[in-house]
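Under numbering that gives the first Met the number 0, residue 1217 is the last one in the sequence shown; the count climbs by one each step, no gaps.
The beta carbon of each residue, even a glycine, is placed where N, CA and C say it ideally should be.
Computed from a predicted model, the values in this text were never measured in an experiment.
First up is the structure itself, then whatever we jot down about it.
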Amino acid sequence: MRNSRLSCALCAILSILMMLPVPMAFAATETSPATTDESSGTTIHYYDSAGWSEPFAYVYGDDVHSASWPGVRMADEGEGWYSVTVDATHGLRVMFSDGGKSQHPGTNQPGYLVDGETWFVGSEQYDSMPQGLTVHFYDYANWGTVRMYYYSDAARGPTWPGDAMHAEGDGWYAATIFGMQSARVLFNDGGSRQIPAAGEEGTLVTSESWYRNGAWTTTKPDGVLVLFHKPSDWNAPRIYYYASDTDTGPAWPGSAMKQVSNEWYSYVITKYSTARVLFTDTTQQSPARGAPGYEASGVCSWDSGTWSCGEPTNDGDDNDIPDVLDAVFGGDLDTDGDGLTDGFEAMRTGTSLSDVDSDANGVPDDAEDPDNDGLVNSKERDLGTDPLAADTDGDGFDDGEEAIRTGTNPLRADTDGDGVDDRREIRWGTDPFTPQHAFDVTVPADDAEQDEVNVSVSVNLPADQAATVKVRAYNNPTYFPEDMPGLIGNAYEFTIDGQVGSATLRFRFDEVLLSDPTFDPVICWLDETNQRLEELNTVVTGNEATATVSHFSKYVLINRTVFRDSLTWEDMWSTEQYTAVQVVFVIDDSGSMSGNDPGKKRLSVARDLIGRFPDGARAGIVRFADNQTDLTGGLQDAGTAISALSDLNFHNLGGTNMYKGLQKALDMFEGEDDTTLRTIIVLSDGETYDANLHDTVVAAANKRKVKINTVGLGGGGPGGSFEQRMKMLASQTGGESYHSQDADALNGIYENIGKLIDIETDSDGDGIADWYEDHLALFNGTSLTLDKNNPDTDGDGIVDGDEIAQLEYAYNANRTKVTVTGRLISNPALDDSDGDGIADSDESDFTTDALNPDTDNDGLDDGDEIRRNFDPTKSNLDGDSFPDGAEVAEGFSPYVYDKNWIEQFTCFAVGALGGDFITDDNDPVTFAGQVIGGVVPFSDIRDVIANTIHHDYHFAALSAVGIVPVVGDVSKSVAKAGKFILRNIDDPAKASRLLGILEKRCPSLVEKLAGSDEFVEAAAEFNERGYTKLTKNEKRHLVEAFKQAGLGDNFISSTRDLPIKETATIGGNVWDEKGLKRGSIIDEYLNGHSTGRGLGRTFPVADRLEDRKLVSTKSLDLDANSYQDPNTLRRKLEKYIADLEGFEDNYLKKVDDNGNRYRPIHGGNDNLTTADYDFKVLEVVFPDTPITNKVAETLRVLHDTHAGLSVHDVQVVFKIAK
């Protein structure tokens, strides 16, 4: 066991006690009409510093019928506290006395006024139990009476001999100093004996402390828990213990031991942490007379002459049940005579100890097979296997299969101990009974039979490495989508601990594929760093492809023919990038067009091209013949330009003045910025009367940074007009030139011109050219289809360009052709690139990988970890034997070191048996045994454990109904619990688990926790420290317990302490969903996206119009670790605000006739325009949950900063979703 001899995982305590019904009621004190159930009255507490023999309370008031003086004997709460409960709630006065003798206040003085539950220390009154400095003293010399004198530099203490110390039991005494942060203390017996000696200064104490035999500690010193299995011929055993001949416990024959079952007895030595012990029934003894006692420390047991000490899980009789639990269950006793010992039934089968047929189904318990592994309970007992787990050793074979068919050891996953488990050896065809140092094996993929390919790896490895080989399907919707060209089956991930020298990958495929003559299978390696597939030297034999590799990674089988055909070669092009487009078409309408283009094809292809222009593009039309006409009246929108290209506007008549038409076009361009592509597309046969203007036009075009693209129609031979004029126009202004003999070829020419415009234009400013938005290829042969008018196609909050790391160029031999692929950071076409339930924009907040669904490879996808508030970047936070995925399967916590089931039960039993003196003070399992052991009779504790079913111990029904503890035990447990929680404030999972137990099964105890100053202080500490080390469930237990104690308002709350506009009751535990699904549910509830009411299907940052406000809804889980960091939270919200501030520039790029920006809304004919709203609102939705002061302050400041409603501001409002 790690860290401590008794450090058992706290989730065990949750599991053991979660279902434990322990109703707590305060027993009435002696015949007093002033005493009643505290739930309907007022409780008054008094700290007895004087050491009275019988503290009494005399309570009087208008509504109280009090007993005659001295009133009512007060109930002992432990550690010097006493209490009384009266059937009234206000207007009370109280006087305290020692059975009517010494009293407070003094004689003839009025009683202290009480209004509600009150604690008294002397004449000082408190609304909750005051937090003091508690000092514990072990009466090593048997003084019998112990007092404590204390003082400090700042204050004087009591008069000598000081305050009375109160017996805690087992030789310990305690007293609490109030009103001092530190003090010097001396102990005395009220007479001549004292520590330190007379004349010496007291010992300085600054926190709760324990003193035993000259040693001071800040945690309770260990004792020794001793278990004794009484021989059948012995009478009741006694224990004698000593440290040396001169330092002993009680005189011979020692102390009586406590019977915990028919033959087992226990005793806790509190005087020593190590001792020697002897056992006797006054006539017999062990060890024999004259022999020294057994050496004892920790947890020790004696059974049939065998003595052992050490871990609580020690099993001296080798019956698979630790000695501690043997003591609880009575060892080999078979109460019901069903052939199964009580211990086996309690800890193994969960069947009744007193009924031969527990479930009354006609089958005796020993003949049942509850795990359906082919072995009945009696056979499982004989073999030592687990009757409730079909596969005891976890090797993949059921116990019955191993015992009957394979002959392997069902208790040992690796029968021959060579490092490879039985399942692997039998699956590989090796010998599971003969150890091997190395394995030459073929390892198949998990569930390979469910795929189109059968995958395996052949390798020779040392035994310890062979056991770690894994082959499993690798599913990633971005890297290997279902529509990937040439993909055959799944990709596979091959893993191993350490390095592999050489291995052969095998991909067996369907023989039918061989009938295709173009089929060319090849195995490829996924180079994730560079995002490309590297072909391996693949050998194809029949329907199996093999390749030899020197490292394990991710591999896939593809049809090379289909894959390579998917890669297209494109012409080389300019790499300039523009964010806006201005195009003027200069179109020949002279008489020569009646021959070259009688059908006016040049107009229809121009109309088609303009129709494909990006949103916001500006276009103009110039018609030229003898004269030049601006048909659009300057640059206009696409619709106006298309209308101007009506056939009715062109007549195919007159002469040709092309250059004057170009001059008119140049005058139409607007602005001088470098972010706008300005281009002319001129169509003519090149014959013109004004060729003398050529140089003038070229100079003007270059000055205005206008590219002229020329289209020659007809003629065009060597030395003709096309070469002399139009080709030169293009080359001298940075444009492209095209020639067509007839109008039918214009379609292809204009397609290329459109492509050229798209290549050079980035309409939405996302960093990706418009052409790529429609044609961006990935390394896997698929293409992304993005929206060139939307900078964030998938609406994940990241502009498309920021999701692409870079473009990769591959050229042909003479560099006239190129293939371009995008290397991704995340997929701009998917808001969740890796399918883990987290939006790509949120992955950076959690430091997870947007292209890897399980960043830490622990078996849980990142979205699942975040919704549980695990850490998705660490596979095993608590360092136990369970990765986080296994923790979830077992119901454990990733923040707590978890032990196996038998260790957990054992630690609980140790706590109950050993009480306060056998414990790691920070171990909640043992601690819970102490707390519950203090309020539940031990026989019932035994029943609690006995009724817990193995492997269901997290949710098992535990039986302890009707147990009502006495007042003192409950109050003492309250104080202990409060201190435990505050002591473990840096490890809140422990506190949460303990509170989860108490809140569910000891509600009265939890209600009393409000009386613990430590507990109240813990709430304030959580407000500062936060909840990052708690899962969501643990936080819920913590919060619910504080609410049950009446301290819910002590937490800083998102609902109460933030300016919340309203609460939306959605239901269905929406905050337990993964981020994307949660956001979708909240969006649907608030905005109605699926019904068409919302705008979110069109705009990633706008969700609805409401009262002339444009509202953007975002949900943030304040329980997630990342958002408990105020800086991360602020940055996230500031990004949301910036996105909304830039909404018009990014998404409303068209301008209507009234000058309003607009964009069509998805799925309808309506537009969203800037005239539809006056203000913008960021609506942030939170869960109803406790938060830290810093988070609350960050949110309040951000809200107040953006509280105004100015046209230029974004208002921030908060909502709660439940």
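Boundaries of the alpha helix (DSSP H) in which residue i is found, first to last residue
{"i": "Val561", "result": "559-564"}
{"i": "Thr391", "result": "Counting along the chain, Thr391 falls outside any alpha helix (DSSP H), and DSSP gives it neither H nor E."}
{"i": "Arg422", "result": "421-427"}
{"i": "Tyr688", "result": "Neither: Tyr688 is in no alpha helix (DSSP H) and is coded neither H nor E."}
{"i": "Trp770", "result": "769-774"}
{"i": "Val1196", "result": "1188-1200"}
{"i": "Asp857", "result": "Where Asp857 is concerned, there is no enclosing alpha helix (DSSP H), given that its DSSP letter is neither H nor E."}
{"i": "His726", "result": "For the record, residue 726 in the displayed sequence is Lys; it is not His. Lys726 -> alpha helix (DSSP H) spans 726-732."}
{"i": "Phe1142", "result": "1142-1146"}
{"i": "Leu382", "result": "376-382"}
{"i": "Ile865", "result": "861-867"}
Which of helix, strand or coil DSSP assigns to residue i
{"i": "Pro1125", "result": "helix"}
{"i": "Thr30", "result": "Confidence in Thr30 is poor, its pLDDT being 32 and thus under 50, which makes the residue's placement unreliable; the coordinate value appears in the next sentence. If DSSP states are grouped into helix, strand and coil, Thr30 belongs with coil."}
{"i": "Trp233", "result": "coil"}
{"i": "Leu410", "result": "coil"}
{"i": "Gly342", "result": "helix"}
{"i": "Ile194", "result": "strand"}
{"i": "Val1211", "result": "strand"}
{"i": "Gly821", "result": "strand"}
{"i": "Lys1131", "result": "helix"}
{"i": "Thr675", "result": "strand"}
{"i": "Phe1021", "result": "helix"}
{"i": "Ala255", "result": "strand"}
Endpoints, the beta strand (DSSP E) within which residue i is located
{"i": "Trp306", "result": "305-309"}
{"i": "Trp215", "result": "214-216"}
{"i": "Ile586", "result": "579-587"}
{"i": "Glu543", "result": "543-548"}
{"i": "Glu367", "result": "Careful: Glu367 lies outside any beta strand (DSSP E) and carries neither H nor E."}
{"i": "Glu1242", "result": "No answer is possible for residue 1242: the residues shown for the chain start at 0 and end at 1217."}
{"i": "Glu1178", "result": "1174-1181"}
Nonlocal neighbours in the same chain, by C-beta distance under 7 Å from residue i, ignoring five residues either side
{"i": "Val120", "result": "Tyr46, Pro129, Phe177"}
{"i": "Asp394", "result": "Ala412, Asp420, Asp421, Arg422"}
{"i": "Gln627", "result": "Val621, Asn656, Lys659, Gly660, Lys663"}
{"i": "Asp1102", "result": "Asp1082, Asn1086, Gly1093, Leu1094, Gly1095, Val1110, Ser1111, Thr1112"}
{"i": "Leu1197", "result": "Arg1129, Leu1132, Val1211"}
{"i": "Arg380", "result": "Leu339, Phe343"}
{"i": "Asp392", "result": "Pro409, Leu410, Arg411, Ala412"}
{"i": "Val1190", "result": "Leu1117, Gln1123, Pro1125, Leu1128"}
Own chain residues within Cβ distance below 6 Å of residue i, not counting five before or after
{"i": "Ala502", "result": "Val456, Val458, Val548"}
{"i": "Lys706", "result": "Thr678, Thr732, Gly733, Gly734"}
{"i": "Gly373", "result": "Gly399"}
Bridge partners - residue i, DSSP secondary structure assignment
{"i": "Glu1105", "result": "Lys1108"}
{"i": "Ile1136", "result": "Note: Ile1136 sits in no beta bridge, so no partner."}
{"i": "Gln102", "result": "Ser96"}
{"i": "Ala849", "result": "According to DSSP, which records beta bridges pairwise, Ala849 is partnered with nothing at all."}
{"i": "Ala173", "result": "His135, His165"}
{"i": "Ser593", "result": "Paired residues: none, contrary to the question."}
{"i": "Tyr271", "result": "Beta-bridge pairing links Tyr271 to no other residue."}
Same chain only: Cβ atoms within 8 Å of residue i, ignoring 5 sequence neighbours per side
{"i": "Val63", "result": "Ala33, Val85, Asp86, Ala87, Leu91"}
{"i": "Thr560", "result": "Gly485, Thr517, Phe518, Asp519"}
(message) Could you tell me which whole beta strand (DSSP E) segments of length 3 or greater appear in the segment 116-162?
(response) 117-120, 123-125, 132-137, 146-150
(request) Within the segment 481-535, note down every full beta strand (DSSP E) run reaching 3 residues or more, in order along the chain. (result) 486-494, 502-507, 520-526, 531-534
(request) Run through the segment 595-670 for me and flag every whole alpha helix (DSSP H) of 4 or more residues, listed as ranges in chain order. (result) 600-610, 637-643, 657-665
(request) Quick one: which unbroken beta strand (DSSP E) runs of 3-plus residues sit fully inside the segment 49-92? Chain order, please. (result) 54-60, 74-77, 80-85
(message) My parser needs the alpha helix (DSSP H) runs of 4 or more residues fully inside the segment 1028-1094; what are they?
(response) 1031-1043, 1053-1056, 1074-1086
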